[in-house]
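Single-structure report; data block below.
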Amino acid sequence: MARLELDHVDLTFKVRSCNVITLKEFLLGKIFTNKTRPNMEVHALKNVSFCVEQGERLGIIGHNGAGKSTMLKTLAGVYQPTRGKRIIEGRVSSLFEIALGFEPEASGWENISFRSYLQGETPKTISKKRQAIADFTELGDFLKMPVRYYSAGMLVRLAFSIATSIDPEILLVDEVLAAGDLAFQEKARNRMKEMMARAHLMVMVSHDLGSIQTLCDRAIWMDHGSVRMFGKAQDVIGAYMNSVKPETAAA
Amino acid sequence: MLSYLSSIWDYRYFWFSLVQNDLKQRYRGSVLGMGWSLLHPIAMTTILCVVFGGIFQQDYRFFGPFLLSGMTVWNFLTHSITMGCNSFFAAEAYIRQHPTPMAIYPLRTVLGSGFHFTVGMLLVVALSLWFLGFPGIVPILTLGPTILMIFILAWSLSIIFGLFTVIFRDTKHISEIGLQILFYLTPVMYPPSVLEGRRVGYLLKLNPISPFLELIRDPLIYLKTPSLETFGVALAITALTYTLAYSLLRSWEKRIIFHL
Numbered sequence: 001m002a003r004l005e006l007d008h009v010d011l012t013f014k015v016r017s018c019n020v021i022t023l024k025e026f027l028l029g030k031i032f033t034n035k036t037r038p039n040m041e042v043h044a045l046k047n048v049s050f051c052v053e054q055g056e057r058l059g060i061i062g063h064n065g066a067g068k069s070t071m072l073k074t075l076a077g078v079y080q081p082t083r084g085k086r087i088i089e090g091r092v093s094s095l096f097e098i099a100l101g102f103e104p105e106a107s108g109w110e111n112i113s114f115r116s117y118l119q120g121e122t123p124k125t126i127s128k129k130r131q132a133i134a135d136f137t138e139l140g141d142f143l144k145m146p147v148r149y150y151s152a153g154m155l156v157r158l159a160f161s162i163a164t165s166i167d168p169e170i171l172l173v174d175e176v177l178a179a180g181d182l183a184f185q186e187k188a189r190n191r192m193k194e195m196m197a198r199a200h201l202m203v204m205v206s207h208d209l210g211s212i213q214t215l216c217d218r219a220i221w222m223d224h225g226s227v228r229m230f231g232k233a234q235d236v237i238g239a240y241m242n243s244v245k246p247e248t249a250a251a
Numbered sequence: 001m002l003s004y005l006s007s008i009w010d011y012r013y014f015w016f017s018l019v020q021n022d023l024k025q026r027y028r029g030s031v032l033g034m035g036w037s038l039l040h041p042i043a044m045t046t047i048l049c050v051v052f053g054g055i056f057q058q059d060y061r062f063f064g065p066f067l068l069s070g071m072t073v074w075n076f077l078t079h080s081i082t083m084g085c086n087s088f089f090a091a092e093a094y095i096r097q098h099p100t101p102m103a104i105y106p107l108r109t110v111l112g113s114g115f116h117f118t119v120g121m122l123l124v125v126a127l128s129l130w131f132l133g134f135p136g137i138v139p140i141l142t143l144g145p146t147i148l149m150i151f152i153l154a155w156s157l158s159i160i161f162g163l164f165t166v167i168f169r170d171t172k173h174i175s176e177i178g179l180q181i182l183f184y185l186t187p188v189m190y191p192p193s194v195l196e197g198r199r200v201g202y203l204l205k206l207n208p209i210s211p212f213l214e215l216i217r218d219p220l221i222y223l224k225t226p227s228l229e230t231f232g233v234a235l236a237i238t239a240l241t242y243t244l245a246y247s248l249l250r251s252w253e254k255r256i257i258f259h260l
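If you read the sequences in order, they're chains A and B.
Residue numbers for the first sequence follow the working numbering, so the first one is 1 and each next one is one higher.
Residue numbers for the second sequence follow the working numbering, so the first one is 1 and each next one is one higher.
Given below as structure tokens:
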């Protein structure tokens, strides 16, 4: 049974204006430097609690910087909550920042292996999937080339094909539907739908309210790091759109 | 701790394939390819033998294996430190995507230079057998635990320096200078007897690298079993470094991503 729960989760991190400690700071300590170079503390998630059970499809919506992607990364375990608990039952597969993390000098084929191993495949399981992944990319002989010669679109094709080759229990998705050229986008959309249908539980972040409405049954509306509303997808999207409308009218 | 090690083991295919890739890329497009990792230490030893063999008036049959054994251990440890400094930055994209035990990224760099260490050690053993003769079963067997300790030490060092570099970027540059100073205080190129009796002689005793060199050189160069005392000191240094690496890792691991 897949299950995801966040229990009173807070996430804060400090960002230095320059992100590094300089030698001067190191030697002089906090006495002189704090006034001129204050640490900015980002309170990305504020007291977030919710629970998603087996079979549910959750959409996360909200304005830019509301903490949607941060929440997804916290669910994935990439970010550790500062306070509160993250409870997870089931194997997590995530689809975000997929276009990063290739070994530039290695070929497409080799990168298929690296990424699949990272996703938990073994040489046995991968030998079956390898060809299917390669076929889906439609890159053909380009797969023998080091990926640093790939165009952005080709990289996305490769990344998407590998990332969606898994059989997910818990699937976490951050707006990846716009992948590659027009023909590939259509293919990718179908593949995502299949994958989402197979997943026991799904959480997705998107600005496309339409796709949230069709793909998800529940939704969370994030606002400046806290949960503004959690409930049926239709209700939450409705409330969110109502809150946005007056602003645009005023503008 | 065991559960942590086993989670590293769970990712074995991932980090092992990356290590293989690193080695492959290193010699990409070169005619000799992997042959370089054999030829490089041979060439370096020959050059140093000719230059310093004359200065220290040493016989090449002794000085060759002596130099090579020192350089092999020294290079392994310093590469683990200087490349360990970058190990988390190099893995940023993976770290942002997938929660893994962070120790696998320093492990990747250590195993990469560990390959050259292995080649170098095999070469030392071959040279030693050829020039100096067979030291006996027991001295040879002590190399097993010695090499295991050196490997654990290298991994721990690269974790420590990797973590420090993430928090404090100047670590890399400072450590490079520090290592250069340490190099002259370590009997890598010269026999320990050169410094003994002088005022700086006590520095050799304080040098944390010396016991490891002794453990390697006693069986292979001096054809004797290393003393239990040396083993004890080396073990203590390894255990201390390991404990420091592990506790730093456990407390900082989850915050690394916010500093990359």
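Beta carbons are placed, not taken as given, at the ideal position from N, Cα and C, and that holds for glycine.
Query                                                                                                                                                                              : Result
By DSSP, does Asp7 of chain A sit in helix, in strand, or in coil?                                                                                                                 : strand
With distances taken Cα to Cα, identify the nearest neighbour of Thr46 of chain B among B:Val19, B:Val138, B:Met34 and B:Arg61.                                                    : B:Arg61
Nearest CA to the CA of Met189 of chain B: which residue from B:Arg96, B:Val73, B:Tyr27 and B:Leu248?                                                                              : B:Val73
Thinking C-alpha only, which one of A:Phe230, A:Phe136 and A:Val205 is nearest Phe184 of chain A?                                                                                  : A:Phe136
Given a threshold of 16 other Cβ atoms within 10 Å of its Cβ, counted over all protein chains shown, does Val50 of chain B qualify as buried or as exposed?                        : exposed
Given a cut-off of 7 Å, decide if Phe88 of chain B and Tyr105 of chain B are closer than it, judged by their beta-carbon atoms.                                                    : yes
According to DSSP, is His43 of chain A part of a helix, a strand, or is it coil?                                                                                                   : strand
Using a C-beta to C-beta distance shorter than 9 Å, which residues of chain B count as neighbours of Val78 of chain A?                                                             : Ile95, Arg96, Gln97, His98, Pro99 and Ile257
Quick one: which chain B residues come within Cβ less than 7 Å of Ser165 of chain A?                                                                                               : What Ser165 of chain A touches in chain B: nothing, since even the nearest Cβ is about 15 Å away.
Out of B:Leu220, B:Arg26 and B:Ser7, point me to the one whose CA is closest to Ser113 of chain B's CA.                                                                            : B:Arg26
As a quick exercise: from B:Phe134, B:Ile81, B:Thr146 and B:His98, pick the residue whose alpha carbon is nearest that of Leu223 of chain B.                                       : B:Phe134
For chain B, is any of its Cβ atoms less than 7 Å away from the one on Glu41 of chain A?                                                                                           : no
Taking Gly101 of chain A as the query, report the chain B residues whose CB atoms sit under 7 Å from its CB, ordered along the chain.                                              : Ala93, Tyr94 and Gln97
Where Thr78 of chain B and Leu240 of chain B are concerned, what is the direct C-alpha to C-alpha distance, given to the nearest angstrom?                                         : 18 Å
Would you list the one or two residues that DSSP bridges to Ser93 of chain A?                                                                                                      : A:Leu171
Under a three-way DSSP split, which group does Cys216 of chain A fall into?                                                                                                        : coil
Express the C-alpha separation of Pro187 of chain B and Ala126 of chain B in angstroms, rounding to a whole number.                                                                : 22 Å
Taking buried to mean at least 16 other C-beta atoms within 10 Å of its own C-beta, is Phe96 of chain A buried or exposed?                                                         : buried
How big is the Cα-Cα spacing for Lys35 of chain A and Arg191 of chain A?                                                                                                           : Residue placement at Lys35 of chain A is poorly supported in this model, since its pLDDT is 48, which falls under 50; the coordinates still yield a value, given next. Computed Cα separation, rounded: 53 Å.
Taking one C-beta from the stretch 84-103 of chain A and one from the stretch 165-175 of chain A each time, how about it: are there three or more such pairs within less than 8 Å? : yes
Less than 7 Å between CB atoms is the rule here; does Lys205 of chain B satisfy it with respect to chain A?                                                                        : no
State the start and end residues of the unbroken beta strand (DSSP E) segment that holds Gly62 of chain A.                                                                         : Arg57 to Gly62
Got a sec, what are the start and stop residues for the alpha helix (DSSP H) Phe131 of chain B sits in?                                                                            : Ile104 to Phe131
Among residues of its own chain, excluding the 5 on either side of Ile95 of chain B, which ones have a beta-carbon nearer than 8 Å to its beta-carbon?                             : Phe88, Met102, Tyr105, Ile256, Ile257 and Leu260
Any idea what DSSP makes of Lys128 of chain A, helix, strand or coil?                                                                                                              : helix
Whole angstroms is fine: what's the gap from Ala245 of chain B's alpha carbon to Gly162 of chain B's?                                                                              : 10 Å
Give me the DSSP bridge partner(s) of Phe66 of chain B.                                                                                                                            : For Phe66 of chain B, which the question treats as bridged, DSSP gives no partner whatsoever.
For Asn86 of chain B, return the contacting residues in chain A, with the cut-off set at a CB-CB distance below 7 Å.                                                               : Result: empty, since nearest Cβ-Cβ is about 15 Å, beyond 7 Å.
Classify Leu155 of chain A: buried if its beta carbon has 16 or more other beta carbons within 10 angstroms, exposed otherwise.                                                    : buried
Can you give, in chain order, each stretch of the alpha helix (DSSP H) that sits fully within the stretch 210-234 of chain B and has at least 4 residues?                          : 210-220
Nearest-angstrom Cα distance between Leu39 of chain B and Val124 of chain B?                                                                                                       : 13 Å
Is there at least one Cβ from chain B nearer than 7 Å to Tyr149 of chain A's Cβ?                                                                                                   : no
Counting only beta-carbon separations shorter than 7 Å, does Ser114 of chain A have a partner in chain B?                                                                          : In the sequence as displayed, the identity of residue 114 of chain A is Phe instead of Ser. Chain B contact via Cβ: present.
Could you tell me which chain B residues have their CB closer than 7 Å to the CB of Tyr117 of chain A, listed as they occur along the chain?                                       : Tyr13, Phe14 and Ser17
Go through its chain and collect everything with a Cβ distance to Val85 of chain A's Cβ below 6 Å, but skip five positions before and after it.                                    : Position check: residue 85 of chain A holds Lys in this sequence, whereas Val was assumed. So the qualifying residues of the chain are Asp7.
Could you give the first and the last residue of the continuous alpha helix (DSSP H) run that contains Leu39 of chain B?                                                           : Gly35 to Ile55
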